[in-house]
Each structure stands twice: as structure tokens, then as C-alpha cells.
Amino acid sequence: MDIRSINRDEFRDYAAVWERTFNFDGKDDELEFEADVHELDRSIVAVENGSFVGTGGSFSFDMTVPGGSVAAAGLTAVAVLPTHRRRGVLTSMMRYHFDDVRNREEPVAVLRASESVIYSRFGYGVATFDSSWKIGRRDAALVPEPEGGGAISLIDVEEARVVLPQIYAGAAPSTPGFLSRNEDVWKHSLLDLESWRGKFTANRFAVYEEDGTALGYLRYRVKDTWEESLPKNEVLAAELIALEPAAEAALWRFIFSTDLVDVIRTQNRPTHELLDILLADPRRLERRRVDGLWARLVDVPAALAARRYRTPGRLVIEVVDQFLPDSGGRFLLEGSPDGAECRRTTDEPDLVVDADALGACYLGGSSFAMFHAVGRVVGSEQAVRLVDTMFSWHVEPWCPHYF
Ligand SMILES: CC(C)(COP(=O)(O)OP(=O)(O)OC[C@H]1O[C@@H](n2cnc3c(N)ncnc32)[C@H](O)[C@@H]1OP(=O)(O)O)[C@@H](O)C(=O)NCCC(=O)NCCS
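Dropping the structure here:
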């Protein structure tokens with residue numbers, strides 16, 4: 012099977028594999044927009060007898076890590092025709108992908124999974140979680156908090172194209188797991204095609220400003236529903252990003268006090284958020300947590316040296332990497348809040364860690380102790396305590412971006 016990238020003329024045939032795999036019919040204009048945002052030199056197709064039977068691709072991101080950022084390849088568009096499943100097509104495409112990641116010297120690979128069972132075999136672990144929640148508006152009373160002194164305004168999509176990227180870029184450095192969005196990605200994020208809306212309105216944009224500075228935004232949609240003369244409108248709060256707690260609180264307060272709204276839902280929020288302490292009756296919030304961003308260290312020393320550590324420490328970590336054995340081995344990590352160094356070593360390890368467990372713990376969102384408890388991290392209690400103290404961070408990792 013030939014694995015290669017595609018050119019723009021081949022995009023229709025490439026997308027036809029996703030249509031058959033993900034069960035939708037793409038319209039030509041939508042596919043044009045998709046082709047614009049895809050990095051075609053990073054696209055992947057598996058070709059059999061001249062036909063495309065599998066697809067993939069990646070985005071070139073910078074990902075925030077504790078105290079810094081790292082180049083990360085975001086795997087996307089993974090699909091194998093139902094006629095060609097379980098013959099190793101995905102496995103071959105993953106090898107091609109990791110070769111590309113290495114050639115580009117990206118230390119980390121990330122993805123969002125359609126099915127959470129597939130990717131740990133390739134060395135990915137769940138590095139962030141997505142929490143979705145819903146709450147009835149009448150149950151969403153908030154306790155008073157100090158006034159921020161700013162105001163909310165509603166802006167149109169033209170203004171949103173300017174304001175949202177600025178706020179997002181301002182928020183990105185403080186939360187591990189944020190992925191950079193370039194101009195093409197923003198265009199795509201705000202495209203808002205009618206076929207993507209379901210029964211909801213177009214995107215609405217609320218912005219919180221203080222002294223002329225925009226400090227937070229909420230992108231949302233509303234489903235207009237009435238039952239027996241009563242409003243049952245539902246708000247889908249698609250993305251709320253804030254630079255200041257006052258902005259975040261004000262945007263929730265705004266949407267929770269919007270007339271005619273019955274229910275407010277979100278798709279992807281951090282698992283712990285300000286709202287938890289703002290709600291007068293937090294139990295009313297119904298929350299579901301799923302895997303979010305999956306991370307995989309391709310170049311372990313570069314990835315571990317790219318982040319900062321909560322406390323100073325020195326550890327030899329042996330990484331067991333079944334899929335990319337030469338990415339594994341023993342590494343001496345010396346890290347602190349001010350910087351880190353990591354290099355290969357032959358010293359005896361303090362900890363032996365599976366590649367996917369290291370991916371899961373990389374941003375501080377999962378603990379080595381949990382993996383230790385089930386035998387997927389081996390080492391003394393003392394080494395596990397040290398690694399968890401070092402890798403933990405004061406901000407929970409979260410990835411608001413879908414790709
Ligand atoms: C998921 C998908 C890409 C797998 O492709 P594939 O070519 O069949 O995968 P491979 O043959 O290379 O399988 C690799 C391994 O993963 C396992 N695997 C693959 N898909 C799996 C699934 N959905 N559930 C459980 N195991 C799965 C295989 O059994 C195989 O295991 P093994 O190495 O122990 O034998 C393909 O089934 C597909 O396109 N599904 C629908 C779209 C989708 O889910 N895409 C993922 C987007 S994130």
C-alpha cells in the first residue's frame with residue numbers, strides 16, 4: 012500500500028473517504044473551505060490500486076505546556092474505508108505520520124479521538140479532559156462577586172474576527188493544552204456554515220470590556236423552542252475564553268440572565284472552573300467528563316525540556332515505547348520552576364513508564380500515582396511522589412480547540 016500526501020486537485024477524493032467513514036455527505040463549497048484550512052503537505056492517504064482507502068493529516072500547532080510551549084503535530088482526518096478496516100492501514104499511516112513529525116522536529120504529537128479505544132496503542136495518553144454541562148436557567152443563580160467594572164457588548168462576526176483571536180492568544184500562555192490558532196484556522200472556526208448549526212441560530216458573540224480593553228468572549232448559539240406558550244429556548248455556550256476572572260463571571264452572569272432561555276449547555280469546559288464556586292447551588296449543574304486532547308511524546312528529551320516543573324527535582328525515567336521503540340529509553344530529567352534539561356542516560360531508572368502514561372501526565376492533568384497503582388508506572392513510592400510533585404501545575408490543562 013502506497014502512503015503519501017495529496018495535492019489540492021485530489022481533495023474531493025480524499026474527503027470521499029471521510030464521507031463514507033463518518034457517514035455524511037459533504038457539499039462542494041464546504042469541502043473548499045476544508046481544503047483551505049488543511050495543510051495539504053501534511054495530508055496522508057493510503058492508496059490501493061489507484062484508489063484512496065485511508066486518510067489522515069496534521070496541523071502544525073504550538074501547544075502551551077507548563078511554563079512554556081512546544082511544537083505539536085495535531086493528527087486529524089483519520090479514516091479507513093469500511094471495506095479496508097483491520098488490515099493495518101491506520102497502523103501504516105501512523106508510522107508515516109510519526110516519520111513526518113520527526114522530520115519536522117516536533118517533540119509532541121496530539122489528537123482528538125472519535126473513539127477513545129484506538130490511540131493508546133500508538134503511545135497517546137489522555138492529557139486533558141473536556142467537561143460538558145447543562146443547567147436550567149432558573150437553577151443558575153450566582154453568588155455575588157466583586158464588581159469588575161466592565162460591560163458586555165454584542166458584536167458581529169466581522170468584529171469577532173478581530174477581537175476573538177486577540178483574547179484567545181492572550182489566554183493561551185497561561186493554560187497548558189491550549190493550541191495556537193493561525194489565521195486559516197480562525198477563518199474555519201468562525202465559518203458557521205448553515206449545515207453545521209443543527210437547529211441552532213448562527214453564532215452570537217458577547218464580549219466583556221473594561222476601559223476599552225476586551226477581556227473575554229462568549230461564542231454561543233440559541234435554539235428557539237416554545238412548548239404550550241412557554242419558552243424552552245436552549246443556549247449552547249460553544250466557547251468562553253477570558254483573560255480575567257471578572258470577565259468570565261460577567262459572561263456567565265450575562266448568559267444566565269438572558270430572557271426566554273430555559274437551559275444552558277456547554278460542549279467543552281475545564282473540569283474545574285470558576286463557575287463551580289459562583290453557583291449558589293452547584294449541584295444543579297449536570298456535568299459529563301470525557302477524554303479531550305491526547306498527547307504523545309515523540310522526542311522525549313525535547314518535550315520534557317520544553318516545560319517547567321513545580322518543584323526542583325532530578326529523576327531518571329525509562330520510557331517503554333512499544334510503537335516507536337527508538338523514542339523510548341532512559342532519560343535524565345533535571346527540572347525546576349526556572350527551566351529544565353533532559354538527556355539520554357544509561358543510569359538505572361527511578362521510574363519505568365509506558366509511553367501513553369507519560370503522554371497522559373505530560374501536562375500535569377493526570378498523576379503518575381494512578382498509573383503506578385495499576386502497574387503501568389514502576390518505581391518507589393518516593394520517586395512517584397517526586398515525579399507527581401514536579402509534573403503537577405497550578406493551572407489544570409484544558410484544550411478548547413477542536414481539529
Ligand atoms: C479507527 C480506524 C481508523 C482503524 O483503522 P484500521 O485500518 O482498521 O486500523 P488497523 O488495522 O491499523 O488497526 C490497528 C489496531 O487497532 C485496533 N483497532 C482499530 N480500530 C479499532 C476500534 N475502533 N476499536 C478497537 N480496536 C481498534 C485494531 O484491532 C488493531 O489492533 P492490533 O494491532 O492489536 O491488531 C477505522 O476503523 C475507521 O476509520 N473508523 C471510523 C472512523 C474513526 O473512528 N476514525 C478515527 C478518527 S479519530
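Residue numbers for the sequence shown, in our numbering: 12 to 414.
Beta carbons: idealized from backbone N, C-alpha and C, even for Gly.
Would you list the one or two residues that DSSP bridges to residue i?
| i | result |
| --- | --- |
| M74 | V81, L190 |
| F33 | DSSP output for F33 lists no bridge partner at all. |
| D13 | V58 |
| S347 | G350 |
| D146 | What sits at residue 146 in the sequence shown is Ile, not Asp. Paired residues: I275. |
| N244 | V272 |
| L362 | I328, G390 |
| V137 | W305 |
| G65 | A57, V91 |
| R355 | F342 |
| A162 | E220 |
| E250 | R230 |
| L86 | S69, L122 |
| L335 | DSSP, once it has assigned bridges, lists no residue as partnering L335. |
Using a 10 Å radius around the Cβ and a threshold of 16 neighbouring Cβ atoms, would you call residue i buried or exposed?
| i | result |
| --- | --- |
| D287 | exposed |
| N60 | exposed |
| P187 | buried |
| W263 | buried |
| W404 | buried |
| G160 | exposed |
| T94 | exposed |
| T357 | exposed |
| S391 | exposed |
| R97 | exposed |
| N214 | buried |
| L241 | exposed |
| F33 | exposed |
| E30 | exposed |
| F72 | buried |
| H49 | buried |
| S377 | buried |
| S185 | exposed |
| H383 | buried |
Kindly indicate the opening and closing residues of the alpha helix (DSSP H) around residue i.
| i | result |
| --- | --- |
| D367 | 366 to 372 |
| I178 | 168 to 182 |
| I266 | 256 to 267 |
| L397 | 392 to 402 |
| E297 | Note, E297: premise wrong, no alpha helix (DSSP H); beta strand (DSSP E) at 297 to 302. |
| H383 | 379 to 384 |
| D40 | 39 to 48 |
| V311 | 311 to 316 |
Grab the span of the beta strand (DSSP E) containing residue i for me, first residue to last.
| i | result |
| --- | --- |
| L229 | 224 to 234 |
| S103 | Premise fails: S103 lies in the alpha helix (DSSP H), 100 to 114, not in any beta strand (DSSP E). |
| A120 | 119 to 122 |
| A217 | 215 to 221 |
| I288 | Per DSSP, I288 belongs to no beta strand (DSSP E); it is in the alpha helix (DSSP H), 286 to 289. |
| L326 | 324 to 331 |
| A306 | 305 to 308 |
Among the options, which residue has its Cα nearest to the Cα of residue i?
| i | options | result |
| --- | --- | --- |
| G370 | P360, P408, K234 | P408 |
| G136 | D367, E392, E126, D52 | D367 |
| L326 | F402, C410, K145 | F402 |
| L202 | A380, E284, V388, E41 | E41 |
| I166 | R230, K145, G159 | R230 |
| E259 | E158, E238, E45 | E158 |
| W237 | V272, S378, G181 | V272 |
| V331 | P360, R354, P323 | P360 |
| L315 | G350, T139, F33 | G350 |
| R319 | D302, D310, D270, P348 | P348 |
| R396 | G209, F334, T322, G99 | T322 |
| S200 | D47, V363, T400, R23 | D47 |
| M12 | S71, S80, V91 | V91 |
| L290 | D36, F267, P281, A380 | F267 |
| I146 | I275, M74, D292, E205 | I275 |
| D292 | A151, G303, D73, D111 | A151 |
| D235 | K198, W197, Y228, L247 | L247 |
| T66 | G37, A380, R53, V301 | R53 |
| A124 | P77, L153, A88, E117 | A88 |
| V279 | S143, A162, I252, A261 | Looking at the sequence shown, residue 279 is not Val but Asn. Of the candidates S143, A162, I252, A261, the one whose C-alpha sits nearest the C-alpha of N279 is S143. |
| V309 | E169, D337, R298 | D337 |
| G181 | D110, A253, K243, D141 | A253 |
| C410 | A225, Y179, G223, Q393 | Y179 |
| G134 | L122, G68, F35 | L122 |
Is the shortest distance between the beta-carbon of residue i and the beta-carbons of chain D less than 8 Å?
| i | result |
| --- | --- |
| R299 | Among the protein chains of the structure shown there is no chain D, as only one such chain exists. |
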